[in-house]
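Note sheet for the following structure.
Residue numbers (mature numbering (1 follows the signal peptide of the UniProt record, and there is no 0)): -32 to -1, 1 to 433.
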């Protein structure tokens, strides 16, 4: 249940000896190795929500004590749907025109155009025009490579590109459409959810286009980044005849502490195409072994069949790891807490309660999950027994996927293009700035006392002291 709440000749000799000893120590390997103090670079933000658990937390930022000052306002060659990333201090964004940029303030450091995006008129349905790079890129530290996936035209396909983050130079490229599966048309598949890089492997999630049209099946494709041009692709596809999207309101697969992957899955054929169809692992949270690419655990609400029929599935939000539990919400407006070590199958949640319709990626700090709700962000504490306590409910227009840092919760009013700073203790607004038009699932990035937001015309950033 949810509840609301450290003689002179002799002295000369001693001084000389001390001076000699100090000279020896200063010239010793230990002292040389220490060298002068080097300022530590701020932590990067190299994937969606900053880390592979998708916590959305950036530590080490100075608390906000001044008004925000705009430091970037750039118009680029297309809309930015992906969340910005920061690699080695380099601020990077990707556009729906299949271009990737590094910027520094209002200066473009490099730009790389990767292909021709797909016009809406060439797609069976959808709501992005043109369709290019939609998912948030991810960084592979083993090869010092930034990976993006671009949808390109003629023919329509999804191409992964490995870029040098310092220059934008293409190191490799590879088609990453789902291999060898029936009932899948690349033109109907969309890589909206963020990419994941884990232990030298790239994971590419797929759902469908807005409108759930044509032949698509929710899938997760794996590419070995040690041999990206030649390694065979592996994949997991949701065992439903159609749909079962892995899109999660643009958030990517979540790596739980045991090393498995958690994904939220949308409505499937059973209950929609087939009103009385068999259980097809849709409207679910699935745990996938990243080595075998097989499903090892699952959860669906007891209402999964009705959820599918009414498009009220869990696929609109990414799962959130909160200690030994997993939190999930979706379109029905009911939140569920699961046992992380055993998700519970059909109807086996630890607790459930009405909460809100949720789209996007929650943020997690300690035992509190910050939930992007269509009627205002909520802070929900997950108690030790798995029960939920609502701590606060923000203003109804603040609906964007939140991030946490500098003593603030950062979340967008995506309809009006306003970025809010909220008090973590109460949810009250502590200030706001206009960022311009953004997409519904726009998510800020935090780096070095600045907040970065992709917009429908480019990118903007604000800093503080």
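Heads up, the beta-carbon is just placed ideally off N, CA and C, and yes, glycines get one too.
Note: residue 361 is bridge-paired with 346 in the DSSP secondary-structure output. For residue 414, the uninterrupted beta strand (DSSP E) run begins and ends at 413 to 415, by DSSP.
With contacts defined by Cβ atoms closer than 8 Å, residue 423 and residue 54 do not form a contacting pair. When 83, 25, 89 are compared, the shortest CA-CA separation from residue 100 is found for 83.
Put simply, of 290, 404, 186, 232 the residue whose alpha carbon is nearest the alpha carbon of residue 206 is 186. Boundaries of the alpha helix (DSSP H) harbouring residue 272: 272 to 277, taken from the DSSP string. Contact annotation, residue 40 with residue 65: C-beta distance approximately 19 Å; criterion of less than 8 Å not satisfied. Restricted to the region 239 to 305, the alpha helix (DSSP H) segments that are unbroken, complete and at least 4 residues in length are 272 to 277, listed in chain order. Leaving aside the five residues that flank residue 270 on each side, the residues in its chain whose CB is nearer than 7 Å to its CB run, in chain order, 314, 315. Judged by beta-carbon spacing, residue 174 lies beyond the 8 Å limit of residue 153, meaning their Cβ atoms are not closer than that value.
Bridge partners of residue 71 according to DSSP: 59, 76. When C-beta atoms of the region 79 to 97 are compared with those of the region 109 to 129, three or more pairs fall below 8 Å, so the two segments count as touching. In the three-state DSSP reduction, residue 203 falls in the strand class (E or B). In this structure, the straight-line span from the alpha carbon of residue 381 to that of residue 412 is close to 12 Å. Listed as beta-bridge partners of residue 366 by DSSP are no residues whatsoever. Contact annotation, residue 323 with residue 267: C-beta distance approximately 16 Å; criterion of less than 8 Å not satisfied. Counting other Cβ atoms within 10 Å of its Cβ, residue 203 reaches 16 or more and is therefore classed as buried. The continuous beta strand (DSSP E) containing residue 192 extends over residues 187 to 192. Taking residue 406 as reference, the option from 209, 427, 76 with the minimal CA-CA separation is 427. Going by DSSP, residue 386 is part of the beta strand (DSSP E) stretching over 386 to 390. Nearest in C-alpha terms to residue 17, of all of 32, 50, 29, 172, is 50.
Inter-residue distance for residue 135 and residue 62 is about 14 Å (C-alpha atoms, whole angstroms). Spanning the alpha carbons of residue 409 and residue 353 requires a straight line of approximately 32 Å. In the three-state reduction of the DSSP assignment, residue 218 falls in the helix class, which pools H, G and I. Counted as a single uninterrupted DSSP element, the beta strand (DSSP E) harbouring residue 419 occupies residues 418 to 422. Ranked by Cα distance from residue 168, the options 95, 371, 192 are led by 192. For residue 147, the closest alpha carbon among the candidates 432, 302, 59, 172 is that of 172. Residue state for residue 431 is assigned as strand, using DSSP reduced to three classes.
For residue 125, the closest alpha carbon among the candidates 90, 108, 111, 414 is that of 90.
In this model, residue 113 and residue 156 are separated by some 28 Å (Cα to Cα). Less than 8 Å separates the beta-carbon of residue 141 from that of residue 128. Residue 52 sits in coil when the DSSP states are folded into three classes, being neither helix nor strand. When C-beta atoms of the region 335 to 350 are compared with those of the region 28 to 37, fewer than three pairs fall below 8 Å, so the two segments do not count as touching.
Here the region 238 to 252 lies against the region 279 to 297, with 3 or more beta-carbon pairs under 8 Å apart. Only exposed fits residue 384, as fewer than 16 other CB atoms lie within 10 angstroms of its CB.
In the DSSP assignment, the residues bridged to residue 314 are 268.
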